[in-house]
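> The opening residue of the sequence shown carries number 1 in UniProt numbering; numbering runs sequentially from there.
Okay, handing you the structure first.
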Amino acid sequence: AAQLYGEFKSFFPNNAVEYFVSYYDYYQPEAYVPSSDTFIEKDASINDHIEQMRLSATKALLERRDAIIVTTVSCIYGLGSPETYLKMVLHVDRGDKLDQRALLRRLADLQYTRNDMDFARR
């Protein structure tokens, strides 16, 4: 998939060519070994860069008609319907007049939670 992604980027320079593959660097499914009566827990390590690429691919599908997504079959199972995904989008344009309480309710509906972290550089 990575080679195809690179080739498509050069073949279609004006399109939104995106990469959507598993974001796990490591994945160990849960298992049971009857001979030793051992249960092995599921373990996984997520690659943040690949997760960003997956989000970029999803964004391209929502915003562009010329998107080309390079993926594997296993990555498209279990994604859910586009309608469900679109219900979880909050679109705000510069200059929009927003009701603060309605905005806060909508963010809470989308599972956002408040935090008071200070992101100022020191």
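Glycine residues also receive a C-beta, built at the ideal position from the N, C-alpha and C atoms.
Just so you know, these numbers come straight off a predicted model, no measurement behind them.
Closest to Gly6 by C-alpha separation, out of Pro34, Glu41, Asp37 and Thr71, would be which residue?
As a working note, residue 6 is residue 6 in the sequence shown. The shortest Cα separation from Gly6 among Pro34, Glu41, Asp37 and Thr71 belongs to Thr71.
> According to DSSP, is Phe39 helix, strand or coil?
Residue mapping note: residue 39 aligns to position 39 of the sequence shown, counting from 1. If DSSP states are grouped into helix, strand and coil, Phe39 belongs with the strands.
> Check whether the region 99 to 114 touches the region 66 to 83, counting contact only when three or more Cβ pairs, one atom from each stretch, lie closer than 8 Å.
Too few Cβ pairs lie closer than 8 Å, so no.
> Hey, is the region 2 to 16 in contact with the region 39 to 49, meaning 3+ C-beta pairs nearer than 8 Å?
Because the criterion of three Cβ pairs below 8 Å is not met, the region 2 to 16 and the region 39 to 49 do not touch.
> Using the Cα positions of Tyr77 and Thr113, report the straight-line distance between them to the nearest angstrom.
Within the sequence shown, the letter at position 77 stands for residue 77. Within the sequence shown, the letter at position 113 stands for residue 113. When rounded, the distance between both Cα atoms is 29 Å.
> Answer with buried or exposed for Arg54, where buried requires no fewer than 16 other C-beta atoms within 10 angstroms of its C-beta.
Start at 1 with the first residue of the sequence shown, and residue 54 comes out as number 54. The residue in question, Arg54, is buried, as its Cβ has 16 or more Cβ neighbours within 10 Å.
> Under a Cβ-count criterion, where at least 16 other Cβ atoms within 10 Å of its own Cβ denotes burial, should Ala44 be classed as buried or exposed?
Translated into the one-based positions of the sequence shown, residue 44 becomes position 44. Result: exposed.
> Would you identify the three-state DSSP class for Val89, choosing helix, strand or coil?
Working through the sequence shown from its first residue, we reach residue 89 at position 89. Coil, per DSSP.
> Spatial neighbours of Thr38 within its chain, please: C-beta separation below 8 Å, excluding the five flanking residues on both sides.
On the sequence shown, position 38 is the one that residue 38 refers to. Within the same chain, Thr38 has close Cβ partners Tyr32.
> At the level of alpha carbons, what is the spacing between Val89 and Leu61?
Counting from 1 along the sequence shown, the entry for residue 89 is found at position 89. Counting from 1 along the sequence shown, the entry for residue 61 is found at position 61. Cα to Cα, the separation comes out at about 13 Å.
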